[in-house]
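End of the sequence shown = 110 in numbering that gives the first Met the number 0, gap-free, step of one. No residue lacks a Cβ here, since even glycine has one placed at the ideal position from N, Cα and C. Computed from a predicted structure; not experimentally measured.
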Amino acid sequence: MKFSFFSMPLHLPNENPALAFKRDLQLIKTAEELGFDGFFVGEHHTAAWENIPSPELFLSKASAYTNKIQLGSSLVSLPFHHPFNVAERFAFLDHLTEGRAVLGIGPCSLP
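Right under this line is the structure:
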């Protein structure tokens, strides 16, 4: 059995985004140290407290903090992107992470 960690990017609107992201990155590092197999984060454009519009950029940074945990999107909202570009970006991320990238795609919850 494998265990993964999903994180909602919930940050207080008045919180410094750089500090919030550093805390999130530390959480990924801790998840790896605790033996989790994967870490997943979604794409969010909706509010000041859900501010990860590009999971692949965030996961690329996370790969510098980790060594073996899988890093995945849960999910990339396809209505906002051309599927080819999403596939290309995640293929590149997979190379950068040495095979640890996981692509999750789906519809958007926004109208």
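Distance, Cα to Cα, E32 vs F79? Locating residue 32 in the sequence shown gives position 33, counting from the first residue. Locating residue 79 in the sequence shown gives position 80, counting from the first residue. One C-alpha to the other measures close to 34 Å.
Pairwise C-alpha distance: F38 and F5: If you number the sequence shown from 1, residue 5 lands on position 6. If you number the sequence shown from 1, residue 38 lands on position 39. Straight-line Cα distance between these residues: approximately 6 Å.
In terms of alpha-carbon separation, which member of A30, N50, Y64 lies closest to L9? As a working note, residue 9 is residue 10 in the sequence shown. It is N50 whose Cα lies nearest to the Cα of L9.
Taking the beta carbon of E14 as the centre, do at least 16 other beta carbons fall within 10 Å, making it buried, or is it exposed? Translated into the one-based positions of the sequence shown, residue 14 becomes position 15. Per the 10 Å Cβ criterion, exposed.
Same chain, Cβ closer than 6 Å to P52, neighbours up to 5 away in sequence not counted: Sequence index remark: in the sequence shown, residue 52 carries index 53 (1-based). Result list for P52: H44, in chain order.
Under the three-state reduction of DSSP, which class applies to S3: helix, strand or coil? Position 4 of the sequence shown, counted from the start, is the residue given in the question as residue 3. Three-state DSSP puts S3 in a strand.
When the distance is taken between beta carbons, is K28 closer than 8 Å to T65? Against the sequence shown, residue 65 aligns to sequence position 66. Against the sequence shown, residue 28 aligns to sequence position 29. Yes, the Cβ-Cβ distance between T65 and K28 is below 8 Å.
Going by alpha carbons, who is nearest to R99 out of E87, G105, L58? Taking the sequence shown and counting its residues from 1, the one referred to as residue 99 is at position 100. Nearest C-alpha to R99: L58.
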